[in-house]
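Asker:
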Amino acid sequence: MAMHLGASVGGGSVPAQSIAVMASLVNPAATSDEESAEQPKPAVNKSNRAKYVCPCEKQVWGKPGLLLICGSCRKDFEAQR
Numbered sequence: 005m006a007m008h009l010g011a012s013v014g015g016g017s018v019p020a021q022s023i024a025v026m027a028s029l030v031n032p033a034a035t036s037d038e039e040s041a042e043q044p045k046p047a048v049n050k051s052n053r054a055k056y057v058c059p060c061e062k063q064v065w066g067k068p069g070l071l072l073i074c075g076s077c078r079k080d081f082e083a084q085r
């Protein structure tokens, strides 16, 4: 048999104010639909550098939009994404 305490010793009903506080502290578990909607977005590349590669596979880094020519093969470098 369950034992009930009197209000004078901490028993009795829960005060109305604490019900609202307890409700705000409890969050329901996320469902699979909510989890898929909140997947992190891929990071945006905020770099101010671009990688360039020539046909002879030399690689350089520089500002986006550069027009570069390889000193070895005399071909244009192409920006890699």
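Quick note, in our numbering, the sequence shown goes up one by one and the last residue is 85.
Positions of the beta carbon are idealized from the N, C-alpha and C atoms, including for glycine.
Shortest alpha-carbon distance to SER76 belongs to which of LEU70, GLY66, PRO68 and CYS58?
Answerer: CYS58
Asker: Run through DSSP, which three-state label would VAL30 get?
Answerer: coil
Asker: Whole angstroms is fine: what's the gap from ALA64's alpha carbon to LYS55's?
Answerer: Here the sequence assigns Val to residue 64, which means Ala is not the residue at that position. Near 6 Å, if we compare the C-alpha coordinates of LYS55 and VAL64.
Asker: Along the beta strand (DSSP E) that carries GLN43, what are the first and last residues, could you check?
Answerer: GLN43 -> no beta strand (DSSP E), and no H or E assigned at all.
Asker: How far does the beta strand (DSSP E) with VAL57 in it extend, from its first residue to its last?
Answerer: 54-57
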